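In what follows, a single structure is set out as structure tokens and then discussed.
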Amino acid sequence: MQDRLNALTSRFDNQEIDVQEYLQAQIEEKRMKFEFELETKRMRRRSEQEHEIRNLQMLVALSRPQQQYPITLTSIPTSFFTRVQSTQPSAGAVFIGTQSQACPTAVGGSLPKSSGDDRYEML
């Protein structure tokens, strides 16, 4: 930019361009410089704000209490998911008409283990 202004000044001094053209060129150069500096400041401010937001998010996450009950993998009997024809419900069964949905009772925060069952994440 400065080189262009120097070239314009030289042309003006040599009377190759008139005063109006010279002033318009200087105004345009200064406007471009101002816009560049303004955009640089905006970008810097935006970057600083994003940095502050990330810091605040991290502080909020750190200030939250830790989860009281950890997520554990527990074995759930397949009978939990199948309806059982029965007149005598098993422990924890819920009647649905004449059918019951077998629901094993949780003991100490975990379900009883059964061989061959899939594992599910307890939330």
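All residue numbers for the sequence shown refer to the numbering used here, where the first residue is 28 and numbers rise by one. Every residue, glycine too, gets a C-beta built ideally from N, C-alpha and C. These numbers were taken from a predicted model, which means no experiment stands behind them.
Fewer than three pairs of CB atoms, one per stretch, sit closer than 8 Å, so the region 52-61 makes no contact with the region 72-88. In the three-state DSSP reduction, ASP45 falls in the coil class, being neither helix nor strand. By the C-beta density criterion, LEU35 is buried, having at least 16 other C-beta atoms within 10 angstroms.
Secondary structure of ARG91 (DSSP, three-state): coil. Linking GLU75 to MET85 through their CA atoms gives a straight-line distance of about 15 Å.
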